[in-house]
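Colleague:
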Amino acid sequence: MPRTMLLLDIGSGTQDVLYYIPGRELENCPKFVLPAPARLVAQQVEAHTRNGVSIYLHGSNMGGGFFRALKLHMEAGCKVAVHPDAAFALHDNADKVRSWGIEIIEQCPEGYVPVALADYDAAWWRAFLGMAGLEYPDLVIAAAQDHGFHPQPAGLGNRAGRFQLWRDLLTQHQGNLFALLHAQAPAPMTRLAAIQRATGFGPVADSAAAALLGALFMPEIATRSHREGVLVVNVGNSHLVAFLVYKERVLGVYEHHTGMLEQDKLIEDLVEFRRGWLTDDMVRNTGGHGCMNLPLPDEAEGFRPAFILGPRRELLRGQGQFIAPGGDMMLAGCFGLLKGYSLISGMELP
């Protein structure tokens, strides 16, 4: 068993962090809410824009939350070049990247300032933790949202391709929670794969999966799911994902883009989803990623209890109970990663 664990939920606005020490009370384990890596990259790009400096992006695939800053940089007349490995942070299609006027090149052009891209930088974490008097962890487990790489026409495209993650959970794994934490990132999930290489090949998960596990980290919700079906909704900054859970097994998944639907339509979707009446086409026709469920047992009693979390949960105020796993909603994904690791390792939860 690791002596120390770094649990990271890497979002578009923040990265939420639990430094877990097995055997220590959760209240005495260090916790941090830090700017997301993409936010830090955006700040660097903005500084170079003000100085009128062209930039060279290098490093690896990562979350694209800095793209608006990059667009403004180019609109200001500054140039951008990118290493082939880092180009995936901008788009999976290299021709698309070039169409924006960005050069893909192995070496930094003369006169350009390098900007490193990475969701996880081991050297940065060594320095940060060291300043806090903490050792570098034995194990790093990370979550991030990944659309995956699904090139068309042979592939599904990113919108349908991302939902394949949930289809596999339901069809290949029958909703088993063990499948939510990946010892090896699924092949299409190139962002999670890049994170996994950077962390030393610790387990990885999708952020929505980590949020679900975070809800089930709460004993009262896990226990409730054995009496009746429950609805867990994670309202993220960009994606809303809802899960039907019965006996700690996922029986249905719904995913849409946060804010794309009016509140009344979203609530209607969740009502139909609970009943098993919402189809994949109905969700995709309104711009969502999809919907799928396994046969819903009568014993689940309509999945009436709803538990809601995520940074934009106010969209569903009054539609269920707002929850704070581990006493801190911002760290729900971290506690979910801890729950997931306990399932695959047998480690006892605090």
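Here the sequence shown is numbered in UniProt numbering, starting from 1 and rising by one per residue. The beta-carbon is built from N, C-alpha and C at its ideal position, and this holds for glycine as well. Quick caveat: nothing in here was measured; it's all calculated off a predicted structure.
1. Compare the C-alpha of Leu231 against each of Ala215, His239 and Pro219 and name the closest.
2. Which whole-angstrom value is the C-beta distance of Ala300 and Leu270, which I expect to be below 8 Å?
3. If you follow the beta strand (DSSP E) that Met189 is part of, which residue opens it and which one closes it?
4. Let me know if Lys265 comes out buried or exposed under the rule of 16 or more other beta-carbons within 10 Å of its beta-carbon.
5. Identify the continuous beta strand (DSSP E) that holds Asp206 and give its terminal residues.
6. Could you tell me if Phe88 is buried or exposed, where buried requires 16 or more neighbouring beta carbons within 10 angstroms of its beta carbon?
7. Jot down the residue ranges of each uninterrupted beta strand (DSSP E) in the stretch 217-269, minimum 3 residues, whole runs only, in chain order.
8. Would Val250 and Gly229 qualify as a contact pair, given that the criterion is a beta-carbon distance under 8 Å?
9. Going along the chain, which residues of its own chain have a beta-carbon closer than 7 Å to the beta-carbon of Gly288, five neighbours each way excluded?
10. If you follow the beta strand (DSSP E) that Tyr56 is in, where does it begin and where does it stop?
11. Residues in the same chain with beta-carbon distance under 8 Å from Met292, minus the five sequence neighbours each way, listed in chain order, please.
12. Relative to the alpha-carbon of Leu343, which residue among Gly52, Leu331, Ala183 and Leu315 has its alpha-carbon at the smallest distance?
13. What residues in its chain sit with their C-beta under 6 Å from that of Leu240, if we drop five residues either side in the sequence?
14. What did DSSP end up calling Gln15 once you bin it into helix, strand or coil?
15. Any idea which residues DSSP pairs Met292 with across the strands?
Modeller: Inspection of the coordinates gives the following:
1. Counting from one through the sequence shown, the residue named residue 231 turns up at place 231. Comparing Cα positions, the closest option is Ala215.
2. Mapped onto the sequence shown, residue 300 falls at position 300. Mapped onto the sequence shown, residue 270 falls at position 270. About 15 Å; that fails the 8 Å criterion.
3. As a position in the sequence shown, residue 189 is number 189, starting the count at 1. Looking at the DSSP string, Met189 is not in any beta strand (DSSP E), and its letter there is neither H nor E.
4. Your numbering for residue 265 matches position 265 in the sequence shown. Lys265 should be labelled exposed.
5. Your numbering for residue 206 matches position 206 in the sequence shown. Element bounds for Asp206: Val204 to Asp206.
6. Here residue 88 corresponds to residue number 88 of the sequence shown, with the count starting at 1. With 16 or more other Cβ atoms within 10 Å, it is buried.
7. 230-235, 239-245 and 250-257
8. For this step, residue 250 is matched to residue 250 along the sequence shown. For this step, residue 229 is matched to residue 229 along the sequence shown. No, the pair does not count as a contact, with Cβ atoms beyond the cut-off.
9. Here residue 288 refers to the residue found at position 288 when the sequence shown is read from its first residue. So the qualifying residues of the chain are Glu255, His256 and His257.
10. By 1-based counting over the sequence shown, the position of residue 56 is 56. Taken as a continuous stretch (DSSP letters only), the beta strand (DSSP E) holding Tyr56 covers Ile55 to Gly59.
11. Counting from 1 along the sequence shown, the entry for residue 292 is found at position 292. Contacts found: Phe163, Trp166, Arg167, Leu170, Gly252, Val253 and Asp280.
12. Position 343 of the sequence shown, counting from 1, holds the residue named residue 343. Out of Gly52, Leu331, Ala183 and Leu315, Ala183 has the C-alpha closest to the C-alpha of Leu343.
13. Taking the first residue of the sequence shown as 1, we reach residue 240 at position 240. So the qualifying residues of the chain are His256 and Thr258.
14. One-based indexing of the sequence shown puts residue 15 at position 15. Strand, per DSSP.
15. Taking the sequence shown and counting its residues from 1, one reaches residue 292 at position 292. According to DSSP, Met292 bridges with Val253.
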